[in-house]
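Per the working numbering, the sequence shown starts with residue 37, numbered consecutively. Don't be surprised by glycine CBs; every beta carbon is placed ideally from N, CA and C.
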Amino acid sequence: MREGDRRVRPRRTTKLRVVEDFRAPVERVFALIVDESGFLDAMPPGVEVLEWPEPFEAGGVMNLRWGAAGCFPVRWNAVIDAFEAGRSFSDLQVRGPFRYWRHTHRVEPYGSGTRHTDVVEFSTGLGPLGDLSVATALRGAFGPRLRRMRATLEEHRT
């Protein structure tokens, strides 16, 4: 891979881990996180899916666009670089706003429900302060996302 390739992990990255427990079976939580409509429901307004992997598996491409603050369009292309059916997947940015971005989604049985863990490893290319600013914003963005996921899973409880 060439220098500057966004798929190459830089020496220094920031890692953010967010864990949430759901009262839903592992299969339902995993199905929600790999489903295009489930993805869109969990995202803030303005995110548009231009391409979604079908079937959802390693090598699949996610091509997204959204307007930051409703105006500045951001393109984001990611490839599913790891996939374990029913358990986990990772998406790796190949084009987008970050110097490096890899997001791993994992579900596992926990009590009578499911533990969902997101691990985001990234680099803004703007040094530690840039990464800290983005990590703070990301942590804040996960709250509404997880609430929307919970609402969707609760809505379909049997």
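{"Check": "Beta-bridge partners of Ile-116, as assigned by DSSP", "Outcome": "Asp-127"}
{"Check": "Where the beta strand (DSSP E) containing Ser-159 begins and where it ends", "Outcome": "149 to 159"}
{"Check": "Straight-line Cα distance separating Thr-50 from Pro-164", "Outcome": "8 Å"}
{"Check": "Under 8 Å between C-beta atoms of Arg-111 and Arg-131", "Outcome": "yes"}
{"Check": "Sheet register partners of Pro-81 (DSSP bridge)", "Outcome": "None, per the DSSP bridge assignment."}
{"Check": "Three-state class that DSSP yields for Arg-53 in the structure shown", "Outcome": "strand"}
{"Check": "Rounded distance between the beta-carbons of Ala-67 and Arg-184, thought under 8 Å", "Outcome": "Not confirmed; about 16 Å, so no contact."}
{"Check": "Three or more C-beta pairs below 8 Å linking the segment 122 to 141 and the segment 43 to 61", "Outcome": "yes"}
{"Check": "Glu-63, enclosing alpha helix (DSSP H) - first and last residue", "Outcome": "62 to 70"}
{"Check": "Coil, strand or helix - Glu-170 by DSSP", "Outcome": "Correcting the residue identity first, residue 170 is Val in this sequence and not Glu. Correct three-state label for Val-170: helix."}
{"Check": "For Val-54 and Ile-116, the rounded distance between their alpha carbons", "Outcome": "20 Å"}
{"Check": "Proximal residues to Val-156 (C-beta, below 6 Å), its chain only, five neighbours per side dropped", "Outcome": "Leu-52, His-139"}
{"Check": "Residues near Leu-182 in its chain [Cβ-Cβ closer than 6 Å; skip 5 each side]", "Outcome": "Glu-56"}
{"Check": "Assigned secondary structure, Glu-190 (DSSP; H/G/I helix, E/B strand, else coil)", "Outcome": "helix"}
{"Check": "Val-65 versus Glu-93: straight-line alpha-carbon distance, rounded", "Outcome": "16 Å"}
{"Check": "Three-state secondary structure assigned by DSSP to Pro-180", "Outcome": "helix"}
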